[in-house]
Amino acid sequence: MGAVDWDVRNFHGYVTHRGTSYNAYLVQGEKTALVDTVKAPFYETMLRHIEEVMDPGELDYIVANHAEPDHSGSLKRISEKAPDATIVSSERGIPVLRKYYGDMDLVSIKETPSVDLGGKTLSFTPVPMAHWPDSMVSYIPEDRLLLSNDAFGQHLASEARFNDEVDQAVLWREATAYYANILMPLSRTVNNAVKALAGVEIDMIAPSHGVIWRKDVGDILAAYKRWVGGESKPRAVITYDSMWKSTQEMAYAIAEGIGSTGAEARVFNLTGTHRSDVITEILEARAVLVGSPTLNNHVYPTVAGFLAYMRGLKPPNKIGAAFGSYGWAGGAKRFVEEQMKLAGVELVENDLDFSYKPTEEEWRRCREFGAAIGEKIKH
Ligand code: FEO
Numbered sequence: 014m015g016a017v018d019w020d021v022r023n024f025h026g027y028v029t030h031r032g033t034s035y036n037a038y039l040v041q042g043e044k045t046a047l048v049d050t051v052k053a054p055f056y057e058t059m060l061r062h063i064e065e066v067m068d069p070g071e072l073d074y075i076v077a078n079h080a081e082p083d084h085s086g087s088l089k090r091i092s093e094k095a096p097d098a099t100i101v102s103s104e105r106g107i108p109v110l111r112k113y114y115g116d117m118d119l120v121s122i123k124e125t126p127s128v129d130l131g132g133k134t135l136s137f138t139p140v141p142m143a144h145w146p147d148s149m150v151s152y153i154p155e156d157r158l159l160l161s162n163d164a165f166g167q168h169l170a171s172e173a174r175f176n177d178e179v180d181q182a183v184l185w186r187e188a189t190a191y192y193a194n195i196l197m198p199l200s201r202t203v204n205n206a207v208k209a210l211a212g213v214e215i216d217m218i219a220p221s222h223g224v225i226w227r228k229d230v231g232d233i234l235a236a237y238k239r240w241v242g243g244e245s246k247p248r249a250v251i252t253y254d255s256m257w258k259s260t261q262e263m264a265y266a267i268a269e270g271i272g273s274t275g276a277e278a279r280v281f282n283l284t285g286t287h288r289s290d291v292i293t294e295i296l297e298a299r300a301v302l303v304g305s306p307t308l309n310n311h312v313y314p315t316v317a318g319f320l321a322y323m324r325g326l327k328p329p330n331k332i333g334a335a336f337g338s339y340g341w342a343g344g345a346k347r348f349v350e351e352q353m354k355l356a357g358v359e360l361v362e363n364d365l366d367f368s369y370k371p372t373e374e375e376w377r378r379c380r381e382f383g384a385a386i387g388e389k390i391k392h
């Protein structure tokens, strides 16, 4: 019943190259429930979709799996169209929904852990911090269908509705980017949610963003297990910015050293690459190396933005290092190291902090350091 948003390119700081969708579902037994709604500007689209199937005034339940406005933004308006519908949310969702939308009659899943629609059951499980404290999932045992809200989503606009109908490379890129940029800092609580679902028989997962996983559902569950566990590949992501190509030269030399060991290096300049794309690359990498020139005794601004973003996302189980160049006074490398530590990265010490332009000998030291990192991350 939801809406495809082909245009959105910024989801709280994360670049959504392929838009997204706000998925809402009708579950029909003898009674009918609407599970989740859409972002406010898409209300009319959702309403039209519902009206194609039924009179919205006859809805018996509206389920708010999550209070974030991309899913609850049309709750108030659709509830006014369906005055007899019981609105169900998690206990922790109730105050949030009232804060956003004013006083509303809401029923907690504490009192109503499931609803019998007559031929279909909707059973609710809180999954706090997968994505917000209020998050919950709905499960239909008769169909072995999980309505997972944010978990297992992708920011992927498509007229296709199922995972086997879209380009697989695009699908997995977007599922990976979504986990890295939204759920990675919540790995522990997402792990709890995945564990809570371990005994549940699931044939299909219908998230609130992107396509529905109806084929090879085990693949996305296995990917989440790897991601929550911080599993990585023998790969290093080097991200940097540069004023006069000195830090760039160092980044390339380090990459060459890593590559010489058989480990993989991927290099991203932060002027040409959005920080959220770099974070997507970091999710499955074992090492993160960050390079910055010193500008006015401080870190380069694009690098500072990336570090602030990474510090919040706290990629688990990474080793890393800082490097950089300066003119007459340094400072950037020390700042980068402090921020990397705060992001939870285990630092590998080095003295790659060179004035003006790396000499041949300094270039060689970068390459050797890269080789040392490569040896560390090779399996
Ligand atoms: Fe898609 Fe946490 O909202």
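In our numbering, each number is its position in the sequence shown, counted from 1, plus 13. Every residue, glycine too, gets a C-beta built ideally from N, C-alpha and C.
Starting from A77, follow its DSSP beta bridges and name the residues at the other end. S102
So for L373, helix, strand or coil by DSSP? A quick correction: the sequence has Glu, not Leu, at residue 373. Note: E373 maps to helix in three-state DSSP.
For L160 and A219, believed in contact at Cβ under 8 Å, the rounded distance: 5 Å
Touching or not, the stretch 79-93 and the stretch 105-120, by the rule of three or more beta carbon pairs under 8 Å? yes
Go through the residues and name those whose CB comes closer than 6 Å to any heavy atom of ligand 1, in chain order. H79, E81, D83, H84, H144, W145, D163, S221 and H222
Residue nearest to A80 in terms of C-alpha spacing, selected from E93, T58, V48 and G70: V48
For Y313, which residues in the same chain have their Cβ closer than 6 Å to its Cβ, ignoring the five residues on either side in sequence? D254, S305 and P306
How about Y322 and I292: are their beta carbons less than 8 Å apart? yes
Please state the DSSP three-state secondary structure of V213. coil
Once DSSP output is grouped into helix, strand and coil, what is the label at I195? helix
Going by Cα to Cα distance, which pick from L72, V224, H62 and M197 is closest to W240? M197
Is the beta carbon of G223 sitting closer than 8 Å to the one on G166? yes
In three-state terms, what does DSSP make of Y8? Residue 8 lies beyond the stretch modelled for the chain, which goes from 14 to 392, so this question has no answer here.
Report the three-state DSSP secondary structure of T335 (helix, strand or coil). Checking the displayed sequence, the identity of residue 335 turns out to be Ala instead of Thr. Reduced to three states, the DSSP call for A335 is strand.
For D366, name the three-state secondary structure that DSSP assigns. strand
Assuming the contact rule is C-beta atoms closer than 8 Å, P154 and K391 should be a hit. Round their C-beta distance to whole Å, please. No, P154 and K391 are not in contact; Cβ-Cβ is about 46 Å, not under 8 Å.
In whole angstroms, what is the alpha-carbon distance linking G242 and K331? 12 Å
Segment limits, alpha helix (DSSP H) that includes V241: V230 to V241
Using 8 Å as the Cβ pair cut-off and three pairs as the minimum, do the stretch 349-368 and the stretch 378-389 touch? yes
Given R105, which residues of its chain have a CB within under 6 Å of its CB, disregarding the five upstream and five downstream residues? P146 and D147
Evaluate V301 with the Cβ neighbour count: other Cβ atoms within 10 Å of its Cβ, from every protein chain shown; 16 or more gives buried, anything less gives exposed. buried
So, helix, strand or coil for L72, using DSSP? coil
Are K238 and N176 closer than 8 Å when you measure CB to CB? no
So what does DSSP say about Q352, is it helix, strand or coil? helix
To the nearest angstrom, how far is the alpha carbon of A211 from that of V179? 27 Å
Per DSSP, which one or two residues make a beta bridge with F24? Y27
Under the assumption that E187 contacts L169 (Cβ atoms under 8 Å), give the Cβ distance between them as a whole number of angstroms. 4 Å
Relative to the C-alpha of D290, which candidate in I215, R31, G15 and M14 has its C-alpha closest? R31
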